[in-house]
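Peer 1:
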Amino acid sequence: MTVPEELSRRIAAAADLCLKPHRHAVVGEMVGEALPAKLGSEPGPPLEDPVDQCLRIQPRRADGERLPELDIELELYRSGDELHLMLSWPEQPALPMLWHGQHPVWMDAETGLRTERPSQGAPLEALARRLRALLSPDR
-11 MTVPEELSRR
-1 IAAAADLCLK
9 PHRHAVVGEM
19 VGEALPAKLG
29 SEPGPPLEDP
39 VDQCLRIQPR
49 RADGERLPEL
59 DIELELYRSG
69 DELHLMLSWP
79 EQPALPMLWH
89 GQHPVWMDAE
99 TGLRTERPSQ
109 GAPLEALARR
119 LRALLSPDR
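Read in order, the letters of the sequence shown correspond to residues -11 to 127 in the working numbering.
(1) Would you kindly work out how many angstroms separate the C-alpha atoms of GLU(-7) and GLY52, rounded to a whole number?
(2) Taking the alpha-carbon positions, what's the ALA114 to GLU17 distance?
(3) Under three-state DSSP, which class holds GLU98?
(4) Return helix, strand or coil for GLU84, following the three-state DSSP convention.
(5) Between LEU122 and ALA3, is the Cβ-Cβ spacing less than 8 angstroms?
(6) Once DSSP output is grouped into helix, strand and coil, what is the label at PRO47?
(7) On the criterion of 16 or more Cβ atoms from any shown chain inside 10 Å, does ALA133 qualify as buried, or is it exposed?
(8) Which one of SER124, VAL93 and ILE60 has the shortest CA to CA distance from GLU79?
(9) Going by DSSP in three states, GLU(-6) sits in which element: helix, strand or coil?
(10) Please report the distance separating the alpha-carbon of ALA13 from that of GLN46.
(11) Can you give me the C-alpha to C-alpha distance between ARG44 and LEU64, rounded to a whole angstrom?
(12) Which two residues bound the contiguous beta strand (DSSP E) that contains ARG11?
(13) With a 10 Å radius around its C-beta and 16 neighbouring C-beta atoms as the bar for buried, classify PRO56 as buried or exposed.
Written out as structure tokens, the structure reads:
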């Protein structure tokens, strides 16, 4: 399994754990230069000059039925030495999006202004924390 495939598998596993009861797949091309070295058993490239990533996490019910209204868009990018994540529900634009750097910040998707966490936001925050720990090479 390549490092991008392994990373996609681990992102999906994190989503499975945090966003139960659904199963998840990760769609989008992973760029090897953006992956942390700690993921594979063999040395990989560090996250020094990463290419920004935009992936989609797609949920399915246990019977395999896709739930496109629950898709999550995951943006990964660096700012300085820090890894930042942006998670949103692209099929539900009225819901706020989650920015996660050192702490979570919920923002209105239209204005970008800070807002309260939505009722379904706690599992998404848990996923963001887990992904940040998985993807940050210094953690």
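No residue lacks a Cβ here, since even glycine has one placed at the ideal position from N, Cα and C.
Peer 2: Put simply:
(1) Just so you know, the alpha carbons of GLU(-7) and GLY52 end up roughly 21 angstroms apart.
(2) Between the alpha carbons of ALA114 and GLU17 lies a distance of about 24 angstroms.
(3) coil
(4) Reading the sequence as shown, one finds Pro at residue 84 and not Glu. Assigned with DSSP and collapsed to three states, PRO84 falls in coil, not helix or strand.
(5) no
(6) strand
(7) Not covered by the structure: residue 133. The range shown for the chain is -11 to 127.
(8) ILE60
(9) helix
(10) Their backbone Cα atoms lie some 5 angstroms apart in a straight line.
(11) 11 angstroms
(12) 11 to 15
(13) Per the 10 Å Cβ criterion, exposed.
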